[in-house]
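Asker:
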Amino acid sequence: MNTKTTTKATDETIPPVTTEATVTLGTPILRGEQTISSVTLRKPRAGQLRGLSLTEILQLKVDAVTALLSRISTPTLLRHEVDNLEPEDLVALSTEVVAFFLPKDQAGGFQTE
4 MNTKTTTKAT
14 DETIPPVTTE
24 ATVTLGTPIL
34 RGEQTISSVT
44 LRKPRAGQLR
54 GLSLTEILQL
64 KVDAVTALLS
74 RISTPTLLRH
84 EVDNLEPEDL
94 VALSTEVVAF
104 FLPKDQAGGF
114 QTE
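For the sequence shown, position 10 (counting from the first letter as 1) is numbered 13 according to the numbering used here, and the numbering increases by one without interruption.
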């Protein structure tokens, strides 16, 4: 059996694509007896964006970001949990979401921390 391996040339100045980001919450979420102190966000796929406006997400409109966060977070954040986040935690999560939408060549200059 003949196999061929192809290696693509990469530009070292372009950062790798980020597919996950973990945010440590300033004020943990209490869910029953569980305390959620950090949330991992996955880069959304097209299906997870269904029904949402990309413009509203990029403008950090709370309703759009709230809907998306429940679709891409681990542990899965419930709507009322996102509604009760401290503003600084919502901004931290939203900033990471926006970073997923940046082209590779622009992502290196975007600071999320």
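Even for Gly, the Cβ is constructed at its ideal location relative to N, Cα and C.
1) Please report the residue range of the alpha helix (DSSP H) in which P90 lies.
2) Does DSSP put L52 in a helix, in a strand, or in coil?
3) Relative to the C-alpha of S56, which residue among A95, T77, A67, E36 is closest?
4) How many angstroms separate the CA atom of E23 from the CA atom of T79?
5) Pick out whichever of H83, D86, R45, E89 has its Cα sitting closest to the Cα of A102.
6) Can you give me the Cβ contacts of T75 inside the same chain, cut-off strictly under 8 Å, excluding the 5 residues immediately before and after it?
Answerer: Per the coordinate set shown:
1) Against the sequence shown, residue 90 aligns to sequence position 87. Segment 90-102, the alpha helix (DSSP H) holding P90.
2) Within the sequence shown, the letter at position 49 stands for residue 52. Note: L52 maps to helix in three-state DSSP.
3) In the sequence shown, residue 56 corresponds to position 53, counting from 1. Measuring from the Cα of S56, the nearest candidate turns out to be A67.
4) Here residue 23 corresponds to residue number 20 of the sequence shown, with the count starting at 1. Here residue 79 corresponds to residue number 76 of the sequence shown, with the count starting at 1. In a straight line, the C-alpha of E23 is about 14 Å away from that of T79.
5) Residue numbering aside, residue 102 sits at position 99 when the sequence shown is read from its first letter. When each option's Cα is compared against that of A102, the closest is R45.
6) In the sequence shown, residue 75 corresponds to position 72, counting from 1. Checking the sequence shown, residue 75 turns out to be Ile, not Thr. Same-chain partners within the cutoff: L44, R45, K46, P47, Q51, V100.
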